[in-house]
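At position 60 of the sequence shown the residue is numbered 237 (the working numbering), and the sequence of numbers has no breaks. For each residue, glycine too, the CB sits at the ideal point set by N, CA and C.
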Amino acid sequence: MTGSTLENIVHQLYAQSNTHCNSGSVANYIPQLAEVAPEKFGIHLCEVSGNSYSVGDSTEKFSIQSISKVLSFALAYTLVGEAIWTRIGVEPSGTAFNSLIQIEIERGIPRNPFINAGAIVVADILLSKLPQPQEDFLNFIRGINNLDHLDYSPVITASEKAVGYRNIALCNLMKSFGNIDNEPEAVLDFYFLLCSIEMSCQELSQLFLFLANNGISPHNHKTILSKSQTKRINALMQTCGFYDESGEFAFKVGLPGKSGVGGGIIAILPNQYSIATWSPRLNSKGNSVKGIHFLEAFTSASENSIF
Ligand code: GLU
């Protein structure tokens, strides 16, 4: 498919999703997220070949929330290697992003790194391994694509911390099973910080392009992950990126991806492109209604997915 055809499809389907798909509501369990204008809608697609296409609110920053779980996991994976799988599994959870029930039954080992429990274990690993965790993580994500202005949002961090009861419970439960090494309060502070990263669709799609390019940043040719690690992270996004809606996202869209309760979605077509969407209205599973609607229409119209 030519670049101009892909661009036309992005524009046409953006207009369609914008008009016909206005259900869902903005996340309000984190007070600061409830302040975001629900009608925001942006898309940015970057091709490995160098083309990129943008539409709508694609340069406006938003809270990427759980999308950062892919980045924190990527860094922990490079630091710990395959030993990481002794502390986190690789199966879809089939439960909500912040569910406690499996952690009790499965004795403190989270099903995968992309549910809250898994990302809290990843935060614990990074705290143990990095000399200056906050700065080192920021430098890691900035270095992927020379996006030097990426940053945490202290306002979002504080807002989530003030009401983080379920995450506090998850961290303490895992500590009781011996799967958290550091003090729970320090782990949670770092976890909330990781969730607070802000980016635009343009930055998000640029940043994640290495996952469509066998782990190498097409921008500065840096190797971020090995080919095998990249395969595994894409596989985990395919099977676990949308909580208990992961099967439905695979069924409808057919791309590895990850969502966040800020309304963002990143999706990857290996060897071709990364695409970021942002629309804050969420369905009951915590995933962006408009984002999923657009991506389903997009892979159908472009007749291109991993299947
Ligand atoms: N910071 C959010 C939480 O821990 C992340 C959830 C999400 O984006 O899915 O609840």
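When DSSP states are grouped into helix, strand and coil, V438 belongs to the coil group.
When the beta-carbon positions are compared, A453 and G440 stay at least 8 Å from each other.
If you check the C-beta of N289 against the ligand GLU, you find no heavy atom less than 7 Å away.
Taking non-hydrogen atoms of the ligand GLU into account, the C-beta of F426 is found less than 7 Å away from none of them. One Cα belongs to A335, the other to M178, and the distance between them is close to 45 Å. Take the alpha-carbon of S436 and the one of G418: they are about 6 Å apart.
In this structure, the alpha-carbon of F475 lies about 14 Å from that of G219. For C223, the enclosing beta strand (DSSP E) starts and ends at G219 to E224. The shortest C-alpha to C-alpha distance from A363 to any of L472, L304, H197 and G258 is the one to L304. Residue environment analysis places F428 among the exposed positions, since fewer than 16 neighbouring C-beta atoms fall within 10 angstroms of its C-beta. At least one heavy atom of the ligand GLU lies closer than 7 Å to the C-beta of Q242.
For S231, the uninterrupted beta strand (DSSP E) run begins and ends at S229 to G233, by DSSP. At least one heavy atom of the ligand GLU lies less than 7 Å from the C-beta of N344. If you check the CB distance, D301 and N359 come in under 8 Å. In this structure, L183 and S479 form a Cβ contact; the two beta carbons are roughly 6 Å apart against a cut-off of 8 Å.
For G392, the CB contacts under 8 Å within the same chain, skipping 5 residues up- and downstream, are T400, I401, L402, S403, K404, Q406 and T407 in chain order.
The three-state reading of DSSP puts Y450 in strand, counting E and B together. The C-beta distance from R288 to G295 rounds to 7 Å, short enough to meet the 8 Å contact threshold.
Cβ contact annotation for K352 (same chain, cutoff 7 Å, sequence separation greater than five): P361, in chain order.
The beta carbon of G424 sits closer than 8 Å to those of P269, all from its chain and outside the five residues before and after it, given in chain order. For D234, the closest C-alpha among the options F291, L381 and E281 is that of L381. Rounded to the nearest whole angstrom, the C-alpha separation of V430 and S451 is 13 Å.
Within the model, the alpha-carbon separation for S226 versus P395 is close to 9 Å.
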